[in-house]
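Visitor:
In UniProt numbering, the protein residues as written are 1 to 155.
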């Protein structure tokens with residue numbers, strides 16, 4: 001029995017609609033997923049247009065939920081969130097909108113809690129070495145040096 005290509009394309013649209021509905025996705029994510037289907041460019045474009053038209057694919061919504069989620073769930077700093085959004089080819093305007101979703105007070109409170117938790121976990125007696133370890137940890141989490149410095153002991 002011969003397969004109808006239209007049915008296959010419809011099935012792919014449905015799969016990708018579910019993929020986008022399950023969790024916010026960006027164009028980059030969907031493009032990578034589309035690679036699995038070996039489609040001609042016209043069909044790829046048709047599927048992308050369908051996903052955008054039906055609001056399954058929305059870069060602005062993605063940037064905002066990505067920034068919010070990575071901050072609240074993984075305690076990432078703004079630098080790491082920005083780098084990850086850039087990696088996903090999100091434009092600077094949308095990155096700024098996404099980062100604006102993070103409340104400044106919450107951001108500083110989270111940084112302070114992370115620093116306190118890290119400091120408590122270290123057995124380092126030398127304050128300089130202890131602070132260096134905390135700084136490295138916080139930079140790896142994506143926090144700005146100025147934010148980190150605000151909460152470090154200076155004794």
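Virtual Cβ for every residue (Gly too), placed ideally from N, Cα, C. Owing to the predicted nature of the structure, the values given are computational and were not obtained by experimental measurement.
Count Cβ pairs between the stretch 10-24 and the stretch 37-55 that sit closer than 8 Å; are there 3 or more?
Guide: Judged by Cβ distances under 8 Å, the stretch 10-24 makes contact with the stretch 37-55, as three or more pairs qualify.
Visitor: Let me know the secondary structure DSSP gives residue 28 once reduced to three states.
Guide: Of the three classes helix, strand and coil, the one that applies to residue 28 here is helix, per DSSP.
Visitor: Give the DSSP-derived three-state secondary structure of residue 152 in the structure shown.
Guide: Residue state, collapsed to three classes: coil.
Visitor: Buried or exposed for residue 59, please, with buried defined as at least 16 other CB atoms from any protein chain shown within 10 angstroms of its CB.
Guide: Buried.
Visitor: Is the number of C-beta pairs between the stretch 105-116 and the stretch 64-78 that are closer than 8 Å three or more?
Guide: Yes, the stretch 105-116 touches the stretch 64-78.
Visitor: When the distance is taken between beta carbons, is residue 66 closer than 8 Å to residue 85?
Guide: Cβ atoms of residue 85 and residue 66: closer than 8 Å.
Visitor: Alpha carbons only, please: which of 37, 32, 125 and 21 is nearest the one belonging to residue 89?
Guide: Cα-wise, what sits closest to residue 89 is 32.
Visitor: Would you check if there are 3 or more beta carbon pairs closer than 8 Å linking the stretch 94-103 to the stretch 112-127?
Guide: The stretch 94-103, when compared against the stretch 112-127, does not touch it at the 8 Å Cβ threshold.
Visitor: Which word fits residue 78, buried or exposed, when buried means at least 16 other C-beta atoms lie within 10 angstroms of its C-beta?
Guide: It is buried - the Cβ of residue 78 has at least 16 other Cβ atoms within 10 Å.
Visitor: Could you have a look at residue 57 and say whether DSSP puts it in helix, strand or coil?
Guide: Reduced to three states, the DSSP call for residue 57 is coil.
Visitor: Going by other Cβ atoms of all chains shown within 10 Å of its Cβ, with 16 needed for buried, is residue 25 buried or exposed?
Guide: Counting Cβ neighbours within 10 Å, residue 25 comes out buried, since at least 16 surround it.
Visitor: Once you ignore the five residues that flank residue 131 on each side, which residues in its own chain have a CB closer than 6 Å to its CB?
Guide: So the list reads 152, once near-sequence residues are dropped.
Visitor: If you compare alpha carbons, which of 40, 39 and 16 is closest to residue 160?
Guide: This structure cannot speak to residue 160, because the chain is shown only from 1 to 155.
Visitor: Mind checking residue 110: buried by the 16 CB within 10 Å criterion, or exposed?
Guide: Counting Cβ neighbours within 10 Å, residue 110 comes out buried, since at least 16 surround it.
Visitor: Would you give the residue range spanned by the alpha helix (DSSP H) that residue 91 belongs to?
Guide: Segment: none, residue 91 is in no alpha helix (DSSP H) and carries neither H nor E.
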